[in-house]
Structure formats: C-alpha cells, structure tokens
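Number of protein chains: 2
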Amino acid sequence: MLTMHTAPGNERPLVTSDVVVFTIRDGELRLLLIKRRHEPHGGRWALPGDTLLPDEDLEHAALRALAAQTGVSGVYLEQLYTFGKPGRDPRGQAISVAHYALVPSEQLRLRAAGEAAAVGWFAREQTSDLAFDHAEIVATAHARLVAKLDYSTIAFQFLPAEFTLSELQRVYETIRQEALDKRNFRKWILARRAIEETGEVRRDGSHRPARLYRVKYPGRVEIIRHERPGGTRGQPGREMALHERGPSQ
Amino acid sequence: MLTMHTAPGNERPLVTSDVVVFTIRDGELRLLLIKRRHEPHGGRWALPGDTLLPDEDLEHAALRALAAQTGVSGVYLEQLYTFGKPGRDPRGQAISVAHYALVPSEQLRLRAAGEAAAVGWFAREQTSDLAFDHAEIVATAHARLVAKLDYSTIAFQFLPAEFTLSELQRVYETIRQEALDKRNFRKWILARRAIEETGEVRRDGSHRPARLYRVKYPGRVEIIRHERPGGTRGQPGREMALHERGPSQ
DNA sequence: CCAAAAGTGTTGTTTATACACCCATGT
DNA sequence: ACATGGGTGTATAAACAACACTTTTGG
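Right under this line is the structure:
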C-alpha cells in the first residue's frame with residue numbers, strides 16, 4: 236500500500252502542466268522557452284512546466300512552474316489543450332495539460348532556475364526543434380492565439396494598462412503578420428466598445444501626442460463577435476416546440 | 236519497482252477520459268448519461284468515461300469507455316477541456332480530460348454495461364444533479380457546442396450523410412432555442428459552400444418532396460467564419476518590419 | 001520648417017434582415 | 001380539394017473595404 240517511485244511501471248500516468256508564454260518583443264511575436272537541465276531531453280529547449288504537486292490545481296501548477304523556472308509572473312493564463320499521445324515522453328505514459336499565457340511586452344526580468352538552465356524569448360521560426368512534443372503544443376497555441384485575436388479581447392493582454400491605438404494596431408499586425416489600414420482598424424476596434432479614452436495623452440517624440448486608452452472591463456477576456464445564421468425570429472405566430480420530458484430509451 | 240494498486244496514497248493523479256455525447260431527439264438537444272454502478276457516486280447519473288489504460292490515447296479512452304458503457308460508437312469526438320480542481324473526486328487527486336461528441340439523431344441502440352447500470356438520453360434541464368463535477372463539464376460542453384454552431388460545420392454531425400435543408404434548420408433551431416427564417420437560413424447556409432445537392436429528393440408525406448444535400452468535405456469539421464479587423468493591406472508601399480533573429484535577454 | 005507619428009470621412013460593396021406567397025405531393 | 005411541408009425574391013439596413021490628407025509636436 237505504499238509507493239515511492241516515479242519511474243516507469245507506475246500504473247498511473249505522469250501529469251504535467253505546461254505553458255506557452257507569448258509576448259511581443261522587437262516587433263515580433265515571441266515565446267518563452269527554457270533549456271532543460273535534466274533528462275529526458277536534458278540540454279534541449281522546452282516549454283516551462285512541471286508535474287502536478289499532490290492536490291495542486293492545473294492552473295496553479297502552470298503558474299508555479301513558470302515562476303520557478305523563468306521568474307515570470309502576473310500573466311494572463313488560459314488552458315489550451317491536453318496532450319497525451321503514447322510515446323510523447325520517454326519516461327512512459329505522460330499527460331501534458333498545456334496552457335498558454337500572454338504578457339505585456341514591457342520589461343520582464345527572466346531568471347533561469349530549477350529545471351531551467353537557461354531561459355529566452357524565441358521567435359516562432361526558431362521553435363521547430365523542441366523537447367517532447369512541445370513544437371506541436373506551440374503550434375496549437377499559436378493557432379489559438381491567432382483565432383482568438385479576431386473575436387475576443389486577448390490582444391489587450393499584450394499591452395500595459397494604458398496604451399495608444401497605434402500600439403494596439405501594432406499588436407494585431409504583428410500577430411496577424413499583415414499591415415492594417417489605420418482608419419478601418421480604429422473604426423473596428425472602437426465599435427467593439429471594449430476600450431475607452433483615459434483623457435490623457437502620451438508625448439513621445441517629435442510628433443503629435445497620442446491619446447491613451449484603457450480596457451473597459453480589465454478583469455476578463457471577452458467575446459466580441461456578432462455573427463449568427465438565419466435572422467428573423469421565424470413566422471410571427473410560430474413557437475418553438477419544446478417536447479416531452481424524461482430520458483428516452 | 237512494481238506496483239499493484241489503484242488506491243489513494245499514490246503520488247500520481249488519477250486520469251480519466253470522459254465524454255459528453257449530444258444528440259437531437261424528439262426535437263430537443265439531449266445528452267447521454269450512465270447510472271454509476273460503483274462508488275464513488277454509485278447510483279448517481281454521470282458522464283460515460285473511464286480511467287486511462289496504460290499507454291492508451293486520450294481519445295481512445297473516451298471512445299472505448301463510451302462503447303463499453305453505452306454501446307454507442309461511430310461518433311464525432313473532440314477534446315473539450317481538462318478538469319482537475321482538487322476535491323472533484325473523493326478518491327483523491329483526479330484529472331478528467333473531458334471530450335464532447337455528436338451523434339446523428341437516428342436510431343441508436345443503447346446498451347448499459349460495465350460501470351453503467353443504466354443509460355439514457357437526458358435534456359439539459361435534467362442534468363443539474365450529476366456525479367463529481369459533471370454538471371460543470373456538461374455546461375462547458377454545451378457552451379462550446381452553441382458557440383461552434385455559428386462558425387463551424389459541427390451541426391452536420393447531428394445528421395445522417397444525406398439530409399434536407401429543413402432538417403438542418405431544425406438542428407440549428409433546436410440548439411439555438413429559437414426559430415429561424417427559412418429563406419434567410421437557406422441563403423446563409425448555402426453561402427458557406429459547405430454542402431451540395433445530391434440530386435436526389437426524399438418523399439415523406441403528403442407534400443412536396445425535399446431535395447437532399449450532403450456535406451462537401453465530410454471528413455472534417457471546418458471553420459466557416461469570415462471576420463477580420465481592420466481591412467486593407469495597409470499603405471501600398473509599406474512593408475511589415477520583420478526584425479532580428481535570436482532569443483533575447 | 002522639417003520629420004514623424006496621430007488623427008480623421010466618404011463611397012462602393014458585401015452581408016444581414018425583414019417579410020409572403022406558390023409548388024408538389026398524398027390522401 | 002385540401003392539408004402539409006418544400007421552395008423562392010426583393011428591398012432596406014448594417015458592416016466592411018478601399019482610399020489620402022491635415023494636425024501636432026520636437027528638434
């Protein structure tokens with residue numbers, strides 16, 4: 236009735252919580268990797284992450300590992316997908332609950348510690364040769380990020396509390412990898428009603444000062460889509476049939 | 236180096252793969268529940284699911300448990316979310332990789348077996364008192380289903396290979412809980428270009444026969460949204476700055 | 001006064017909504 | 001002949017895409 240090992244042969248899978256942390260640096264989308272200290276995959280670049288502690292929450296494990304290995308904290312974190320294909324970890328059956336996180340491009344001190352021998356921000360193109368199936372996790376996270384850009388307010392997570400519309404536009408352009416029209420972008424983003432002027436401006440160079448904006452409801456990432464099929468609540472008199480009760484068969 | 240128990244005290248969490256199976260029955264969205272045979276929560280209704288077998292894939296476990304406990308197979312399955320809050324299972328730390336599945340409303344033989352003492356299709360309103368945190372999983376699955384309806388082709392998974400536009404409209408109406416305008420619905424769905432006429436018709440009653448349609452690319456559930464911010468690929472001459480290489484800091 | 005980024009409006013096109021009648025069949 | 005569900009078009013409104021110049025500042 237007692238067990239003392241984490242070696243293969245254990246009938247329960249190993250569960251880890253891992254994070255893909257994105258930021259925008261030097262006008263480019265980058266993500267945070269650690270160089271692994273130990274086997275398996277010692278010396279290779281990998282996502283920050285760790286096995287779950289007893290009774291630890293999944294998000295908590297991701298944030299704890301992130302802080303311990305890279306020194307990064309205070310990120311916006313969301314669960315991404317759970318990876319569990321047999322063979323993905325040489326130690327045996329291993330389930331990775333992957334998360335993704337976004338941090339403002341501001342100054343962030345990185346500090347490699349714990350399992351991390353080194354830490355760094357990498358561009359997408361440099362992340363094809365990672366430990367485990369982490370390249371696949373990165374690809375999934377990136378796809379999710381791009382998709383969510385258009386119908387949610389995640390983009391704001393890359394910016395500090397106050398920002399200019401040009402900065403916001405640059406976030407979209409960097410992630411979407413295409414230039415956007417300034418006027419149309421402004422109309423579009425303001426129509427979502429997710430941000431408001433602070434009333435202040437920022438002066439930064441020999442040009443007209445930029446108005447500062449803030450997120451209206453800073454707590455949360457919200458859905459800002461407006462689409463639906465079909466239109467019109469049907470024939471005037473008609474009513475949706477809500478049928479009988481009880482499980483069937 | 237050997238272990239022979241599944242009892243608490245194990246330092247690794249228990250991992251289960253569970254499924255929320257939706258179908259449309261009697262004009263209503265319903266989901267498949269089993270009555271648990273054993274503790275914990277013996278006698279209560281719960282989602283089909285089971286602990287992972289050694290080296291078993293997550294999807295495979297969900298499909299295996301579904302077939303074993305309910306007799307249902309051949310479903311469209313997608314991973315939903317992973318639930319792992321401490322305390323969600325009285326046996327100790329337990330991670331549930333939840334999936335959701337869609338099946339056509341056709342005749343499906345249910346057959347309770349294994350952990351399932353009984354099986355049945357239940358309406359949403361009847362699923363508030365489930366074992367574990369399964370009510371929360373159901374709520375998450377339902378929200379995902381509703382959201383995906385509008386921007387993907389999942390709705391087709393509720394229908395057999397050939398179907399009429401009225402049947403398809405009924406799927407949308409049932410899930411969205413509102414009636415839709417027939418003409419607008421048809422314009423909308425045909426504009427997505429995801430379905431095509433088979434050339435055949437179905438005669439069912441004393442009325443005009445209905446044209447049959449099929450999904451163009453039956454393999455996959457696709458994204459059919461068309462939205463983007465900003466418009467216009469920027470000032471003509473301008474080029475996106477793609478900056479320097481190498482990890483920073 | 002020059003360079004640099006901020007800011008701003010109009011027009012054409014596409015997509016969504018509202019709405020009502022005729023058609024083909026079985027009984 | 002009638003009841004039943006299948007099938008169709010048009011006009012208005014809203015959202016999106018294309019496009020270029022003026023403003024404010026610092027140096």
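So the sequences go chain by chain: V and X.
Under the working numbering, the first sequence has 478 at position 243, and the numbering climbs by one with no breaks.
Under the working numbering, the second sequence has 365 at position 130, and the numbering climbs by one with no breaks.
Ideal Cβ positions, reconstructed from N, Cα and C, are used throughout, including at glycine.
Item, Value
"Just confirm the distance between the C-beta atoms of A376/X and I269/X, as a whole number of angstroms; I'd bet it's less than 8 Å.", "Actually they are not in contact, since the Cβ atoms of A376/X and I269/X sit about 16 Å apart, beyond 8 Å."
"Looking at R279/X and L365/X, is the spacing between their C-beta atoms short of 8 Å?", "yes"
"Which of helix, strand or coil does DSSP assign to L425/V?", "helix"
"In whole angstroms, give me the CA-to-CA distance for Q404/V and D416/V.", "9 Å"
"Which chain V residues are close to Y335/X, counting only those with a beta carbon under 8 Å from its beta carbon?", "Those within 8 Å of Y335/X in chain V number zero; the least Cβ separation is about 14 Å."
"Output needed for E474/X: all residues of its chain with C-beta closer than 8 Å, excluding positions within five of it in sequence on either side, in chain order.", "At E474/X, the pLDDT of 40 sits below 50, so the modelled position is not reliable and the matter cannot be decided from this model."
"Go through its chain and collect everything with a Cβ distance to R421/X's Cβ below 6 Å, but skip five positions before and after it.", "L400"
"Among all the DSSP beta bridges, which residues are the ones paired with R272/V?", "Its beta-bridge partners do not exist; DSSP assigns none."
"Below 8 Å on the Cβ atoms is my guess for I459/V versus Y386/V; work out the distance and round it to an integer in Å.", "6 Å"
"Leaving aside the five residues before and after A281/V along the sequence, list all residues of the same chain whose C-beta is less than 7 Å from its C-beta, in chain order.", "L268, I269, R271, L365, A366, F367, H369"
"Quick check on DSSP: helix, strand or coil for R455/X?", "coil"
"Within 10 angstroms of its Cβ, does Q328/X collect 16 or more other Cβ (buried), or is it exposed?", "buried"
"Whose Cβ in chain V lies nearer than 7 Å to the Cβ of P339/X?", "In chain order: nothing, as chain V lies at least about 15 Å away."
"Three-state secondary structure (DSSP) at V373/V?", "helix"
"Under a CB-based cut-off of 8 Å, is V406/V close to chain X?", "no"
"Taking the straight line between their C-alpha atoms, what separation do you get for T251/X and E294/X?", "11 Å"
"Could you tell me the distance, in whole angstroms, from the CA atom of R260/X to the CA atom of T433/V?", "52 Å"
"Which same chain residues end up closer than 8 Å to I330/V when comparing Cβ atoms and leaving out the 5 residues on each side of it in sequence?", "P248, L249, V250, T251, T317, F318, G319"
"In the DSSP assignment, the alpha helix (DSSP H) including T409/X goes from what residue to what residue?", "400 to 411"
"If you compare alpha carbons, which of N419/V, R455/V, R418/V is closest to A429/V?", "R455/V"
"Spatial neighbours of R427/V within its chain, please: C-beta separation below 7 Å, excluding the five flanking residues on both sides.", "I459"
"Under 8 Å, Cβ to Cβ, is there at least one residue of chain V near G309/X?", "no"
"Here's the rule I'm using: 16 or more other beta-carbon atoms within 10 Å means buried, otherwise exposed. How should S308/X be labelled?", "exposed"
"DSSP state of F420/X, grouped into three classes?", "helix"
"Just tell me which of E371/V, R346/V, P283/V has its CA closest to the CA of R323/V.", "E371/V"
"Comparing alpha-carbon positions, which option in A396/X, A302/X, P275/X lies nearest G284/X?", "A302/X"
"Write down every uninterrupted run of the alpha helix (DSSP H) in the stretch 287 to 334 of chain V whose length is 4 residues or greater and which is fully enclosed by it, in chain order.", "293 to 305"
"Considering R437/X, what are the terminal residues of the beta strand (DSSP E) in which it resides?", "430 to 437"
"Can you tell me where the beta strand (DSSP E) with R446/X in it begins and where it stops?", "445 to 450"
"Which chain V residues sit within Cβ distance under 8 Å of T317/X?", "L293, Q314, T317, V332"
"Grouping DSSP H, G and I as helix and E and B as strand, with all else coil, what is V338/V?", "coil"
"Determine the direct distance from the alpha carbon of V310/X to that of A296/X, and round the result to whole angstroms.", "14 Å"
"Which residues in the same chain have their Cβ closer than 6 Å to the Cβ of V354/X, if we skip the five residues on either side of it in sequence?", "I269, T305, L345, A347"
"Suppose contacts are defined by Cβ-Cβ distances below 8 Å. Is F491/V in contact with Y448/V by that definition?", "Because chain V in this structure spans residues 236 to 484, residue 491/V falls outside the shown range and cannot be described."
"Using the beta-carbon count (16 or more within 10 Å), is D253/V buried or exposed?", "buried"
"Which residues mark the beginning and the end of the beta strand (DSSP E) in which I259/X is found?", "249 to 260"
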